[in-house]
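Residues 57 to 544 in this note's numbering are what the sequence shown lists, from first letter to last.
Idealized CB from N, CA, C, for every residue including glycine.
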Amino acid sequence: MSSAPISEQETKAALPAAKSHPSLPEPEPSQRSGARKWIILLVIALAIGAAVWKIRQNTENQTAQGQKMAAMMDRPTPVQTVQVQQKTMPIYLTALGTVTAYYTVTVKSRVDGQLIKVNVREGQRVRQGELIAEIDPAPYQAALAQAQGQLARDQAQHANDQAQADRYKALLNAGVVSQENTQAMVAAAGQSGGAIQADFAAIQAAKVNVNYTKILSPINGVVGLRQVDPGNIVHASDTNGLIVVTQLEPIAVIFTLPEDHLPEVLDLIRQGRKLTVEAYDRSGTNHLATGTVLTVDNQIDTTTGTVKVKAVFDNKDGALFPNQFVNVRLVLQQRPNAIVIPAAALLTGSQGNYVYTVKPGNPPADLQESAAAGHKGGRGHAGAGNSAGSGQSQKQPPFYVEATTVKVDLTEGAQVILNSGVKAGDTVVVDGQEKLRNGSRVSPKQSSNPNGPRAVNPNRADTGVGAGSSDHGSGQPANQGRTGGSQP
């Protein structure tokens, strides 16, 4: 079934009439373009104004920073200083040591019996032969009396036997008695004489046991903690003993040295030199005592490659105590007229080791340019203005620093021996170097510590050899990793 075609008239009749609804007004083209132009011009004007304000603000900030930096450059940096010294310096090896008692005796009872008295206090100093404790002597005194009684009986018997022997000898000469009877009498007299000698020995043994009931100190020393209280039964076989006495004057220190240094040490000993040994506390800063080398062990430890050395100290002040850990310096020689600076003053840069020396007056022009370049690079007197004002720089005479290259000979603990670079009497900076550059103005203050406020521990990385004497002239300082604010 097909649909009939729709005619053009019918289509037009179906559409609404053109004037059946009102038409919308269209905007004028000139009004739209004018508003858009004003908006664009306003945005451009705001952008230009913001750019001008930003440029002016940056210029003002740069000017203020430049003025502030210039003021900071004129403001001296406070530093601590010391003077370079020329003196006799010891050259030594360092090691770790343990204090050991020169003598240690565990006092034991030599007889069995009841401990009736202890005559010393724990920790008391005793002398050799001083009475320490007493064992009940009654059983041993009775044994002594018994031995003496036996001696008296045997002496009487011997006298009788001897008289009988003498009579038989006379009768034998007269032909009254036989030879056999005479010999029997003489033998009996000899036996009783032997019994007398045994009695004397028994008496001596009894006296010894009586004496052993009084326990005496075998050495000079200090009494330790009491192991047995009075009233207990003690035996000669007891392992713990009664008291331990330790001799502290003198006292010994045992330390180890690498086998590489053994020939040098032995050569000095063969020359008859008494090698000085200095003992320091665990931190390596406080000197405790000075002694001498007593002996070197007769073998090298194959597991560690070291040899034991024993030194003896008078220890009159009691600074050393058994089993105490100490840092040891074995002095090999004394170097006269050595140029010495604190290790805290030494810095390391790309050109090697250097120090900051303090000079009076204003820095030369080339050093001023160097210092100014450092400030432009963001390095220099950061925070220095808080501690040193411009008023202070006006009151004090001007000073500046100069980076001076030095050649290190040896580092001995907290001090460094130099071969060249500075001379005795020069002033070097020991604290505040991180704020300095070559030519920086400074306000120096003498350090109260001759080794500087950051003096290094002479035995911080101990390997049995001194920090600077490990290679005897290697020239590598103990703080070779430190760097300052400038390099020469």
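When we look at the beta-carbon of residue i and count the other beta-carbons within 10 Å, is it buried (16 or more) or exposed?
{"i": "residue 409", "result": "buried"}
{"i": "residue 269", "result": "buried"}
{"i": "residue 334", "result": "buried"}
{"i": "residue 497", "result": "buried"}
{"i": "residue 491", "result": "buried"}
{"i": "residue 133", "result": "buried"}
{"i": "residue 184", "result": "exposed"}
{"i": "residue 482", "result": "buried"}
{"i": "residue 394", "result": "buried"}
{"i": "residue 392", "result": "exposed"}
{"i": "residue 347", "result": "buried"}
{"i": "residue 295", "result": "exposed"}
{"i": "residue 288", "result": "exposed"}
Measure the beta-carbon distance from residue i to residue j and round it to whole angstroms, keeping in mind my assumption that it falls under 8 Å.
{"i": "residue 486", "j": "residue 400", "result": "5 Å"}
{"i": "residue 350", "j": "residue 375", "result": "Not confirmed; about 18 Å, so no contact."}
{"i": "residue 174", "j": "residue 274", "result": "Actually they are not in contact, since the Cβ atoms of residue 174 and residue 274 sit about 16 Å apart, beyond 8 Å."}
{"i": "residue 309", "j": "residue 469", "result": "Residue 309 to residue 469, Cβ: 18 Å. No contact."}
{"i": "residue 362", "j": "residue 313", "result": "6 Å"}
Beta-carbon within less than 7 Å of residue i's beta-carbon, same chain only, minus the 5 sequence neighbours each way: which residues are those?
{"i": "residue 302", "result": "157, 160, 277, 278, 280, 378"}
{"i": "residue 297", "result": "162, 163, 164, 283"}
{"i": "residue 252", "result": "207, 210, 211, 214"}
With respect to the alpha helix (DSSP H) encompassing residue i, which residues constitute its N-terminal and C-terminal limits?
{"i": "residue 380", "result": "Counting along the chain, residue 380 falls outside any alpha helix (DSSP H), and DSSP gives it neither H nor E."}
{"i": "residue 238", "result": "235-268"}
{"i": "residue 211", "result": "194-230"}
{"i": "residue 322", "result": "318-326"}
State the Cα-Cα distance for the pair residue i and residue j, rounded to the nearest angstrom.
{"i": "residue 291", "j": "residue 257", "result": "23 Å"}
{"i": "residue 119", "j": "residue 108", "result": "17 Å"}
{"i": "residue 386", "j": "residue 371", "result": "17 Å"}
{"i": "residue 412", "j": "residue 339", "result": "28 Å"}
{"i": "residue 307", "j": "residue 168", "result": "33 Å"}
{"i": "residue 324", "j": "residue 331", "result": "8 Å"}
{"i": "residue 186", "j": "residue 381", "result": "31 Å"}
{"i": "residue 103", "j": "residue 494", "result": "46 Å"}
{"i": "residue 221", "j": "residue 235", "result": "12 Å"}
{"i": "residue 484", "j": "residue 137", "result": "5 Å"}
{"i": "residue 420", "j": "residue 461", "result": "18 Å"}
For the beta strand (DSSP E) that residue i lies in, which residues bound it at each end?
{"i": "residue 458", "result": "455-461"}
{"i": "residue 344", "result": "343-357"}
{"i": "residue 178", "result": "Note, residue 178: premise wrong, no beta strand (DSSP E); not H, not E."}
{"i": "residue 134", "result": "133-139"}
{"i": "residue 487", "result": "483-487"}
{"i": "residue 404", "result": "403-405"}
{"i": "residue 491", "result": "Note, residue 491: premise wrong, no beta strand (DSSP E); not H, not E."}
{"i": "residue 189", "result": "187-191"}
Could you pull out every residue in the same chain whose Cβ sits closer than 8 Å to the Cβ of residue i, ignoring the five residues on either side in sequence?
{"i": "residue 455", "result": "132, 414, 415, 416, 417, 497, 498, 499, 500"}
{"i": "residue 245", "result": "214, 217, 218, 220, 221"}
{"i": "residue 423", "result": "456, 458, 494, 495"}
Among residues of its own chain, excluding the 5 on either side of residue i, which ones have a beta-carbon nearer than 6 Å to its beta-carbon?
{"i": "residue 300", "result": "162, 280"}
{"i": "residue 203", "result": "258, 259, 262"}
{"i": "residue 192", "result": "169, 170, 172"}
{"i": "residue 37", "result": "Outside the displayed span of the chain (57 to 544) sits residue 37, for which this structure offers no information."}
Does chain D have any CB closer than 8 Å to the CB of residue i?
{"i": "residue 94", "result": "Judged by its chain identifiers, the structure shown contains no chain D, having just a single protein chain."}
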